[in-house]
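**Q**
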Amino acid sequence: MIEKEDTSMTIPLNCSSSCNPPCEVAWYKDGQLESRGNPVIKITRDRRMSGVYQCEASGVEGKVKSALVHVTIQYPPGDVTITPGNDTFYTKRGGRPLHNITCEADCVPECTYWWYREGDSRALSYSGNSLFATRSYYGLGSSRFRCLASNAIEPYTNYSRWITVKVKDGPDNVTIIPSLPAIENSSFTLTCSASCYHGCQSYSWYHNGTSMNQRTKVLEFHRLSKEDSGRYRCNVTDYFGEKSGYYTMTVQYKPMITSTKNQTTITAPSLLDLTFSVDSFPPSNVTIFHETKTLTFLPHVTGQLSFNVSIESCLDQGEYRVEAVNNVGFGSFNFMPNIKCSPIVVRHSNVAHKEFRVGDLLHLTVTFMANPTAEVQWSFVPWNQNTSLEVQTQQIQTHKESTKLVLILSDTNKFGKYILELKNELGKINKEFNIQGPIAAATKTDPGTTISSRDSDSDGDRSMSPTSWKGKTNALRETEMNTFLLQQDKLHEEVQKLRLEGDVLRLKRNYYVIKLQVLMKEHPDIIDEVFGED
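Just so we're aligned: the sequence shown equals residues 1 to 534 in UniProt numbering.
What follows is the structure, given as structure tokens:
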């Protein structure tokens, strides 16, 4: 039995039975008791009343059931729904959304379905409740669709809501996030971040265009090196396609100083060319030293650099050092040129305006520099003569860069001008020492040089002749001189040792100064806490 839905009307069903005494009648719908006692039921023509009906008559002789009556209430399409319930769906170009889009409506008899694109009054060339059951989406951007459900019952049709279908070509917002900063010898990570509509499926990493065979979201570096610098690419794939993110990493590393010059020989006066290359990131501040003296400061240096040092004399001999510092660390390069130079006097005994007496011990010390080693020659011009005399060898002690003249002014003939000549293949230099006595005892022979004897208890010793006094003191003076010479040798060795120790201490001091500068840049808060703020 088929009827159109009309809730104002009913369908009567009559259960007829012959029983004595009369039977009791019961009605069942879809196997469930609907009513009892009344042989006639009236079924409202409502879609909810569709079903299979049957009556049952029961009496003293037993129970009897009627034939099944199928009641179908027909009605037009109700609410038309689209599943899933999203308003926007994404699909790959030339493909389909990940989840099937279907249209459903409550209707009897069963509906047929048609899909319409916004702006086109014609239905798509296929029917069915699935939008992409038999075709793929080839649109360039986005389109809106809705579904029409229809059957033979008035008002026959009903439409669904509009939905939007958009083309996606892969994940959104693909970026590479670094764990800054990237410092040599430290650990570091690059994280590939992406928004994938249905979840990200895979990751792949590339360094300067070469595959790294890494398939994880996070790329880990356990110990960075400057070779890790470069351009990184992360490819992320999802259902819709593949997209990439990029990051250029520059590893910070401490300075490395190189130079092609390990040894060079120049002749003073000349220019010393210090050519070196600084490899560092960030750029370094460079300081050039001669021994402990700062020659120049050069900020923000990277790459090759040349610096000319004026070499004037032997005083410019020694170690030249280039130090480079950035916020990662420091590096240095030491250079010891071979400087050939004519002799120069560095230090000497000061006897100017000094008065000597007969019997005094004369000790003249001269420190000099020369390359090649200088020839040393002492000579003497007495105060009362114009003739140059040689100094006795046993009175002279000469080392590589120093010479000593030690003698007793035993009589007036030892007063006068002592001349030191230093000579090598590049030149020579003279140093004169005028040894004079008290001005009050000056003679007319040499107004520039005066002599006197040491005071004595005897009247004879007060004369200019040193004969009597010399006889008493000469042996003692000779012994004292020999002892003094031995002491001077030991003292010279101790001075050389102290100079070496001083050089070591200066190097240590420079190291800790540079280290402190680095720490102050890296941890200004700690420095303020320790030293306080000004």
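Note that the Cβ used here is the ideal one computed from N, Cα and C, for glycine as well.
Going by other Cβ atoms of all chains shown within 10 Å of its Cβ, with 16 needed for buried, is Arg506 buried or exposed?
**A** For the purposes of this step, residue 506 is taken as the residue at position 506 of the sequence shown. Its Cβ having fewer than 16 others within 10 Å, Arg506 is exposed.
**Q** Between the stretch 357–374 and the stretch 393–408, can you find at least three pairs of beta-carbon atoms closer than 8 Å?
**A** Contact between the stretch 393–408 and the stretch 357–374 is present, because at least three Cβ pairs lie under 8 Å.
**Q** Who are the Cβ neighbours of Ser50 in its own chain at under 8 Å, not counting the five residues just before and after it?
**A** Here the question's residue 50 lines up with position 50 in the sequence shown. Closer than 8 Å at Cβ, skipping near neighbours: Val71, Thr72, Ile73, Val108.
**Q** Where DSSP assigns a beta bridge to Leu420, which residues make up the other side?
**A** Translated into positions along the sequence shown, residue 420 becomes position 420. Leu420 is bridged to Trp378, Lys431.
**Q** For Pro178, which residues does DSSP report across the bridge?
**A** Counted from its first residue, the sequence shown places residue 178 at position 178. According to DSSP, Pro178 bridges with Leu190.
**Q** Put Ser18 into one of helix, strand or coil per three-state DSSP.
**A** Indexing the sequence shown from 1 puts residue 18 at position 18. Three-state DSSP puts Ser18 in coil, outside helix and strand.
**Q** Buried or exposed: Val60, going by 16 or more other Cβ atoms within 10 Å of its Cβ?
**A** For the purposes of this step, residue 60 is taken as residue 60 along the sequence shown, with counting starting at 1. It is exposed - the Cβ of Val60 has fewer than 16 other Cβ atoms within 10 Å.
**Q** Taking DSSP as the reference, what is the three-state secondary structure of Ile514?
**A** On the sequence shown, residue 514 is found 514 positions in, with the first residue counted as 1. If DSSP states are grouped into helix, strand and coil, Ile514 belongs with the helices.
**Q** Quick one: is Ser142 buried, meaning 16 or more other Cβ sit within 10 Å of its Cβ, or exposed?
**A** As a first step, residue 142 is located in the sequence shown; it is residue number 142 there, counting from the start. Ser142 comes out exposed.
**Q** With distances taken between CB atoms, is the gap from Ser186 to His222 smaller than 7 Å?
**A** Counting from 1 along the sequence shown, the entry for residue 186 is found at position 186. Counting from 1 along the sequence shown, the entry for residue 222 is found at position 222. Cβ distance not < 7 Å, so Ser186 and His222 don't count as in contact.
**Q** Between Lys472 and the rest of its own chain, which residues show a CB-CB distance below 7 Å, the 5 nearest in sequence each way excluded?
**A** Here residue 472 refers to the residue found at position 472 of the sequence shown. At Lys472 the pLDDT is 40, less than 50, meaning the model places this residue with poor confidence; the figure from the coordinates comes in the next sentence. There are no such residues.
**Q** Taking only three categories from DSSP, how would you classify Glu494?
**A** Along the sequence shown, read from residue 1 onward, the residue named residue 494 stands at position 494. Glu494 falls in the helix class under three-state DSSP.
**Q** Mapping the DSSP letters down to three states, classify Arg347 as helix, strand or coil.
**A** Your numbering for residue 347 matches position 347 in the sequence shown. DSSP places Arg347 in strand when its eight states are reduced to three.
**Q** Quick one: residues in its chain with C-beta nearer than 6 Å to the C-beta of Val278, no 5 flanking neighbours on either side, listed in chain order?
**A** One-based indexing of the sequence shown puts residue 278 at position 278. Cβ neighbours of Val278 beyond the five flanking positions: Pro255, Ile257, Ser284, Val301, Thr302, Ala324.
**Q** Tell me whether the stretch 112–131 and the stretch 141–159 touch, counting them as touching only if at least three CB pairs, one residue from each stretch, are closer than 8 Å.
**A** Cβ pair count under 8 Å is three or more, so yes.
**Q** Between which residues of its own chain and Lys226 is the CB-CB distance below 7 Å, once the five residues before and five after are set aside?
**A** Start at 1 with the first residue of the sequence shown, and residue 226 comes out as number 226. Result list for Lys226: Glu184, Val251, Tyr253, in chain order.
**Q** Please list, in chain order, all residues of the same chain as Glu24 whose beta carbon is under 8 Å from its beta carbon, the five residues on each side excluded.
**A** Residue mapping note: residue 24 aligns to position 24 of the sequence shown, counting from 1. Same-chain partners within the cutoff: Arg36, Gly37, Ala57, Ser58, Gly59.
**Q** Assign Gly359 to buried or exposed, taking buried as 16 or more other Cβ atoms, counted over all protein chains shown, within 10 Å of its Cβ.
**A** Within the sequence shown, the letter at position 359 stands for residue 359. With 16 or more other Cβ atoms within 10 Å, it is buried.
**Q** State whether the stretch 261–276 contacts the stretch 347–358, with contact taken as three or more CB pairs (one from each stretch) at a distance under 8 Å.
**A** No: fewer than three Cβ pairs fall under 8 Å.
**Q** Output the distance between the C-alpha atoms of Thr134 and Lys166, rounded to the nearest integer angstrom.
**A** Your numbering for residue 134 matches position 134 in the sequence shown. Your numbering for residue 166 matches position 166 in the sequence shown. One C-alpha to the other measures close to 18 Å.
**Q** With a 10 Å radius around its C-beta and 16 neighbouring C-beta atoms as the bar for buried, classify Leu420 as buried or exposed.
**A** Position 420 of the sequence shown, counted from the first residue, corresponds to residue 420. By the neighbour-count rule (16 or more Cβ atoms within 10 Å), Leu420 is buried.
**Q** Taking the alpha-carbon of Ser492 as reference, which of Leu407, Gln397, Gln436 has the nearest alpha-carbon?
**A** Locating residue 492 in the sequence shown gives position 492, where the first residue counts as 1. According to the sequence shown, residue 492 is His rather than Ser. His492 has its Cα closest to that of Gln397, out of Leu407, Gln397, Gln436.
**Q** Which same chain residues, not among the five before or five after Pro299, have their C-beta less than 6 Å away from its C-beta?
**A** Along the sequence shown, read from residue 1 onward, the residue named residue 299 stands at position 299. So the qualifying residues of the chain are Asn285.
**Q** Just verifying my parser: in three-state terms, what is the DSSP assignment at Cys23?
**A** Mapped onto the sequence shown, residue 23 falls at position 23. Here Cys23 sits in coil by DSSP.
**Q** Which same chain residues end up closer than 6 Å to Gln317 when comparing Cβ atoms and leaving out the 5 residues on each side of it in sequence?
**A** The residue given as residue 317 occupies position 317 in the sequence shown. Closer than 6 Å at the Cβ level, and outside the excluded window around Gln317, lie Ile339.
**Q** Please classify Gln436: is it buried, with 16 or more other beta-carbons within 10 angstroms of its beta-carbon, or exposed?
**A** Numbered from 1 along the sequence shown, position 436 holds the residue referred to as residue 436. Gln436 should be labelled buried.
**Q** Given this structure, state the Cα-to-Cα distance separating Asp411 from Val376, to the nearest angstrom.
**A** One-based indexing of the sequence shown puts residue 411 at position 411. One-based indexing of the sequence shown puts residue 376 at position 376. Rounded to whole angstroms, Asp411 to Val376 spans 26 Å at the Cα level.
**Q** Checking the sheet assignment: what are the DSSP bridge partners for Ile257?
**A** Residue 257 sits at position 257 when you count from the first residue of the sequence shown. The partner list for Ile257 (beta bridge, DSSP) reads Val278.
**Q** Pull up the distance between the alpha-carbon of Met83 and that of Leu68, whole angstroms please.
**A** As a position in the sequence shown, residue 83 is number 83, starting the count at 1. As a position in the sequence shown, residue 68 is number 68, starting the count at 1. Correcting the residue identity first, residue 83 is Thr in this sequence and not Met. C-alpha separation (whole angstroms): 36 Å.
**Q** Determine the closest residue to Lys515 out of Tyr53, Leu389, Phe330, Tyr232, with distance taken between C-alpha atoms.
**A** Here residue 515 is taken as the residue at index 515 of the sequence shown, counted from 1. The shortest Cα separation from Lys515 among Tyr53, Leu389, Phe330, Tyr232 belongs to Phe330.
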